[in-house]
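**Q**
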Amino acid sequence: MTAPKDKIPGTYQKMHEDFPEFMQAYEAMGQATRQAGPLSDREVAMVKLAISIGAGLQGGAHSHCRKALQAGCTPEELRHVAILAAPTIGFPTMMRAKSWVEDVLSK
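As structure tokens, then:
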């Protein structure tokens, strides 16, 4: 579930250039974690988005929104993931997270 090369941030691409073995190992770990359980690609994508939102990671949220769309998630589902954060992390933080989802959906 790789993003098109033009969507991958330059800093991530640079890590691949500078530290190829490290990045291969990092990506292999990501693949192994996805394959470690029964969740579908869509479910994994929504969980990863939720984790990014909860951790306050804008770049991660953007990345996982793009990956979720590639996995077949709908814009409404991604917005719902953001809104579900409100009772746990607070309304203002949820609004910030929803804006990150909208950043990706508006492109």
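Take 1 as the starting number for the sequence shown in full-length UniProt numbering and just add one per residue. Backbone N, C-alpha and C fix where the C-beta goes; we use that ideal spot for every residue, glycine too.
Which same chain residues end up closer than 6 Å to I83 when comparing Cβ atoms and leaving out the 5 residues on each side of it in sequence?
**A** On the sequence shown, position 83 is the one that residue 83 refers to. For I83, where only same-chain residues beyond five positions count, there are no Cβ hits under 6 Å.
**Q** Could you compute how far the alpha carbon of T93 sits from the alpha carbon of M23?
**A** Position 93 of the sequence shown, counting from 1, holds the residue named residue 93. Position 23 of the sequence shown, counting from 1, holds the residue named residue 23. Between T93 and M23, the C-alpha separation is close to 31 Å.
**Q** Please report the residue range of the alpha helix (DSSP H) in which A82 lies.
**A** Working through the sequence shown from its first residue, we reach residue 82 at position 82. 75 to 84 is the extent of the alpha helix (DSSP H) around A82.
**Q** Compare the Cα-Cα distances from L78 to each of S52, A25, A36, L39 and report the closest residue.
**A** Taking the first residue of the sequence shown as 1, we reach residue 78 at position 78. Per the Cα distances, S52.
**Q** How should K14 be labelled, buried or exposed, when 16 other C-beta atoms within 10 angstroms of its C-beta is the threshold for buried?
**A** The sequence position of residue 14 within the sequence shown is 14, counting from 1. Burial call: exposed.
**Q** Please report the distance separating the alpha-carbon of A25 from that of A68.
**A** Within the sequence shown, residue 25 is the residue found at index 25, counting from 1. Within the sequence shown, residue 68 is the residue found at index 68, counting from 1. Across the structure, A25 and A68 are spaced so that their CA atoms are roughly 22 Å apart.
**Q** With a cut-off of 8 Å on the beta carbons, I'd call D103 and H62 a contact; round off their distance for me.
**A** Mapped onto the sequence shown, residue 103 falls at position 103. Mapped onto the sequence shown, residue 62 falls at position 62. So it is a contact: roughly 6 Å between Cβ atoms.
**Q** Is the CB-CB distance between A85 and D41 below 8 Å?
**A** The residue you call residue 85 lines up with position 85 of the sequence shown. The residue you call residue 41 lines up with position 41 of the sequence shown. No, Cβ-Cβ distance for A85 and D41 is not below 8 Å.
**Q** Considering only C-alpha positions, which residue in the set E27, A50, L105 is nearest to T88?
**A** Walking along the sequence shown from the start, residue 88 turns up at place 88. Out of E27, A50, L105, A50 has the C-alpha closest to the C-alpha of T88.
**Q** On the DSSP letters alone, give me the boundaries of the alpha helix (DSSP H) that residue 129 sits inside.
**A** A question about residue 129 goes unanswered here, because the residues of the chain that appear run from 1 up to 107.
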